[in-house]
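Since the structure comes first, as structure tokens, the remarks are kept for the end.
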Amino acid sequence: MDDLRDKYIGLIADAADEAAIEDLRVQAVGKKGEVALKMRELGKMTPEERQIMGPKLNALKDEINSALSAKKAALADAALEERLRTEWLDVTLPGRGRRQGTIHPISQVTEEVTAIFADMGFAVAEGPQIETDWYNFDALNIPGHHPARAEMDTFYTHRAEGDNRPPHVLRTHTSPVQIRSMEKQGAPIRIICPGRVYRADYDQTHTPMFHQIEGLAIDKDISMANLKWVLEEFFTAFFGTEVKTRFRSSHFPFVEPGAEVDIQCKWENGSVKVGEGDDWLEVLGSGMVHPHVLKAGGIDPDEYQGFAFGIGIDRLAMLKYGIPDLRAFFDSDLRWLRHYGFASLDQPTLHGGLVR
Ligand code: DAH
Numbered sequence: 001m002d003d004l005r006d007k008y009i010g011l012i013a014d015a016a017d018e019a020a021i022e023d024l025r026v027q028a029v030g031k032k033g034e035v036a037l038k039m040r041e042l043g044k045m046t047p048e049e050r051q052i053m054g055p056k057l058n059a060l061k062d063e064i065n066s067a068l069s070a071k072k073a074a075l076a077d078a079a080l081e082e083r084l085r086t087e088w089l090d091v092t093l094p095g096r097g098r099r100q101g102t103i104h105p106i107s108q109v110t111e112e113v114t115a116i117f118a119d120m121g122f123a124v125a126e127g128p129q130i131e132t133d134w135y136n137f138d139a140l141n142i143p144g145h146h147p148a149r150a151e152m153d154t155f156y157t158h159r160a161e162g163d164n165r166p167p168h169v170l171r172t173h174t175s176p177v178q179i180r181s182m183e184k185q186g187a188p189i190r191i192i193c194p195g196r197v198y199r200a201d202y203d204q205t206h207t208p209m210f211h212q213i214e215g216l217a218i219d220k221d222i223s224m225a226n227l228k229w230v231l232e233e234f235f236t237a238f239f240g241t242e243v244k245t246r247f248r249s250s251h252f253p254f255v256e257p258g259a260e261v262d263i264q265c266k267w268e269n270g271s272v273k274v275g276e277g278d279d280w281l282e283v284l285g286s287g288m289v290h291p292h293v294l295k296a297g298g299i300d301p302d303e304y305q306g307f308a309f310g311i312g313i314d315r316l317a318m319l320k321y322g323i324p325d326l327r328a329f330f331d332s333d334l335r336w337l338r339h340y341g342f343a344s345l346d347q348p349t350l351h352g353g354l355v356r
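First residue of the sequence shown? That's 1 in the working numbering, and the numbers climb one at a time after it.
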């Protein structure tokens with residue numbers, strides 16, 4: 001029994017890792033281990049012998065077990081020691097700089113415009129970018145044969161062979177949201193609808209996807225004078241300076257009468273300054289909502305009337321922030337985004353004057 005004891009105490013002391021400890025446990029005190037074999041011999045002994053050998057064997061078993069757990073704990077301590085020695089971090093090192101992204105000028109200007117109109121009681125409405133031709137054209141008093149359909153360079157979706165429904169279109173303007181909003185909420189109504197629009201066109205001032213804000217106000221006593229006041233108020237707030245406007249009579253199928261609106265500007269070394277000089281720059285279309293359009297939206301034109309307008313957001317951003325080429329807006333060039341982008345905390349407010 002002493003040999004057994006010396007053998008295992010020695011082996012345990014030399015064990016290199018937890019797996020070796022486990023092997024030794026099985027060999028020594030496991031169910032079929034050496035100590036268990038000795039226990040079985042107890043049966044062949046006389047009661048007197050058994051009284052001596054029984055406790056001795058139990059004591060041996062206990063001794064081996066405690067040697068095993070002591071060694072196991074020692075190995076775990078050593079492993080932890082080793083990790084603490086090798087895995088360390090110098091928390092005094094300087095951090096890695098991460099550049100913050102910027103707010104795109106289109107998003108910024110959309111927020112600015114929304115804030116100004118919200119202050120005048122306009123809520124924000126939205127509609128789908130993939131439209132039926134009814135919402136994009138017919139309901140806006142642009143019937144199938146109307147030249148405006150061809151002029152708009154519309155993108156049509158593909159229909160499967162044999163599917164004879166008219167194709168959907170990528171909306172060419174935000175005006176269909178007028179109809180959707182009239183249907184949804186009825187009159188009176190006072191909304192703006194910012195969003196993406198699409199036309200097959202590409203040069204320095206045109207991209208196939210661009211942005212508009214539609215405005216719509218309908219009530220029982222709305223006139224062209226209200227339209228003029230709202231727009232003048234808007235331009236002054238947006239550009240942060242008094243801006244003269246010029247309303248030129250013009251034709252849009254969805255309004256009668258219709259007007260294009262120019263703002264006062266000055267050209268200086270190839271760039272444009274708003275609110276000075278005596279040149280004019282066209283920035284939006286507007287007018288009194290056509291009775292056909294009110295009817296299409298489910299509103300009685302004998303009871304209600306109103307005005308509508310559509311502004312190009314991209315154009316406004318170019319004018320306000322001196323951005324010369326529209327195409328760069330959508331190139332995702334990081335140098336451009338860092339130059340023209342806005343800090344995320346630099347959000348427009350009316351009391352902040354909207355300008356940075
Ligand atoms: N939808 C027109 C366009 O995209 C812009 C427009 C003109 C909107 C007159 C209007 C409006 O609401 O009254 O060219």
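Built from N, CA and C at the ideal position, the CB exists for glycine as well. Treat the numbers as computed from the prediction; the structure is a model and nothing was measured.
1) Taking the alpha helix (DSSP H) that Gly54 belongs to, which residues open and close that run?
2) Which residues does DSSP pair with Pro194 in a beta bridge?
3) At a cut-off of 6 Å, would you count Gly310 as near ligand 1, judging by its Cβ distance to the nearest heavy atom?
4) Could you pull out every residue in the same chain whose Cβ sits closer than 7 Å to the Cβ of Ile222, ignoring the five residues on either side in sequence?
5) Just grab the DSSP bridge partners of Val272 for me.
6) Cα-Cα, which of Asp163, Asp17, Gln204, Pro176 is closest to Ala78?
7) Less than 7 Å between the C-beta atoms of Gln212 and Thr174, yes or no?
8) Which residue's Cα is closest to the Cα of Glu214: Asn164, Arg335, Gly287?
9) Distance, Cα to Cα, Phe329 vs Gln129?
10) Inspect the CB distances between the region 117-133 and the region 191-203 and report whether three or more fall short of 8 Å.
11) Residues bridged to His206 by DSSP?
12) For ligand 1, is there any heavy atom lying closer than 6 Å to the beta carbon of Ser286?
13) Got a sec: does ligand 1 put a non-hydrogen atom nearer than 6 Å to the Cβ of Ser344?
14) Do Ala237 and Ile116 have their C-beta atoms closer together than 7 Å?
15) Keeping to the same chain, check which residues put their C-beta closer than 8 Å to that of Asn226; ignore five residues upstream and five downstream.
16) At a cut-off of 6 Å, is Val255 close to ligand 1 when judged by its beta-carbon and the heavy atoms of the ligand?
17) Around the C-beta of Ser181, are 16 or more other C-beta atoms found within 10 angstroms, so that it is buried, or is it exposed?
18) Does Gln108 pass the burial test, meaning 16 or more other C-beta atoms within 10 Å, or should it be called exposed?
19) Quick one: does the C-beta of Ser175 sit closer than 6 Å to a heavy atom of ligand 1?
20) Please list the segments of the beta strand (DSSP E) lying wholly inside the region 129-169, counting only runs of 3 or more residues, in order along the chain.
21) Whose C-alpha, out of Thr114, Met209, Gly121, is nearest the C-alpha of Asp153?
22) Got a sec: does ligand 1 put a non-hydrogen atom nearer than 6 Å to the Cβ of Phe238?
23) Just how far apart, CA to CA, sit Ala20 and Gly43?
24) What do you reckon, is the C-beta of Phe117 under 6 Å from a heavy atom of ligand 1?
25) Run through the region 90-135 for me and flag every whole alpha helix (DSSP H) of 4 or more residues, listed as ranges in chain order.
26) Under the three-state reduction of DSSP, which class applies to Pro188: helix, strand or coil?
27) Which residues does DSSP pair with Ile311 in a beta bridge?
28) State the CB to CB distance for the pair Val261 and Thr241, rounded to an integer number of angstroms; the pair is presumed to be in contact (CB under 8 Å).
29) Just checking Phe234 against ligand 1 - is the residue's beta carbon closer than 6 Å to any of the ligand's heavy atoms?
30) Over what stretch of residues does the beta strand (DSSP E) that includes Arg246 continue unbroken?
31) Tell me which residues share the same chain as Tyr8 and place their Cβ nearer than 6 Å to its Cβ, disregarding the 5 neighbours each side in the sequence.
32) Considering only residues of the same chain and omitting the five flanking positions on each side of Ile179, which have a CB-CB separation below 8 Å?
33) Alpha carbon to alpha carbon, how far is Asp278 from His206?
34) Using a Cβ-Cβ cutoff of less than 8 Å, which residues in the same chain neighbour Tyr202 once the five nearest sequence positions on both sides are dropped?
35) What I want to know is whether the C-beta of Phe155 ends up closer than 6 Å to one or more non-hydrogen atoms of ligand 1.
36) Under the three-state reduction of DSSP, which class applies to Gly277: helix, strand or coil?
Per the coordinate set shown:
1) Taken as a continuous stretch (DSSP letters only), the alpha helix (DSSP H) holding Gly54 covers 47-86.
2) Per DSSP, the beta-bridge partners of Pro194 are Ile213.
3) For ligand 1, at least one heavy atom lies less than 6 Å from the Cβ of Gly310.
4) Once the five neighbours on either side are set aside, the close Cβ partners of Ile222 are Gln305, Gly306, Phe307.
5) Beta-bridge pairing by DSSP links Val272 to Trp267.
6) Closest option to Ala78, Cα to Cα, is Asp17.
7) Yes, they are a contact pair.
8) Nearest C-alpha to Glu214 among Asn164, Arg335, Gly287: Gly287.
9) Between Phe329 and Gln129, the C-alpha separation is close to 19 Å.
10) Touching, yes.
11) In the DSSP output, where bridge partners are listed per residue, His206 has Asp203.
12) For ligand 1, at least one heavy atom lies less than 6 Å from the Cβ of Ser286.
13) Taken from the Cβ of Ser344, every heavy atom of ligand 1 lies 6 Å or farther away.
14) Cβ distance < 7 Å, so Ala237 and Ile116 count as in contact.
15) If we look at Asn226 and ignore the five residues flanking it on each side, its Cβ neighbours are Ala217, Phe307.
16) Remark: the shortest separation between the CB of Val255 and any heavy atom of ligand 1 falls under 6 Å.
17) Label assigned to Ser181: buried.
18) Gln108 is buried by the Cβ-count criterion.
19) Taken from the Cβ of Ser175, at least one heavy atom of ligand 1 lies inside 6 Å.
20) The qualifying runs do not exist here; there are none.
21) The shortest C-alpha separation from Asp153 is found at Met209.
22) Because no heavy atom of ligand 1 lies under 6 Å away, the Cβ of Phe238 does not count as near it: no.
23) Cα to Cα, the separation comes out at about 32 Å.
24) Outside the cutoff, so no.
25) The qualifying runs are 105-119.
26) In the displayed model, Pro188 falls within coil according to three-state DSSP, outside both helix and strand.
27) Answer is Ile213, Leu284, bridged to Ile311.
28) With 8 Å as the limit, Val261 and Thr241 do not qualify as a contact, their Cβ atoms being about 17 Å apart.
29) Checking the Cβ of Phe234 against ligand 1 gives no.
30) 245-250 is the span of the beta strand (DSSP E), which, as asked, contains Arg246.
31) Ala28, Ile64, listed in sequence order.
32) Excluding sequence neighbours, Ile179 sits near Tyr135, Ala139, Leu140, Val293, Ala296, Gly297.
33) One C-alpha to the other measures close to 25 Å.
34) Here the set comprises Pro208, Arg327.
35) No, ligand 1 has no heavy atom inside 6 Å of this Cβ.
36) It is coil, neither helix nor strand.
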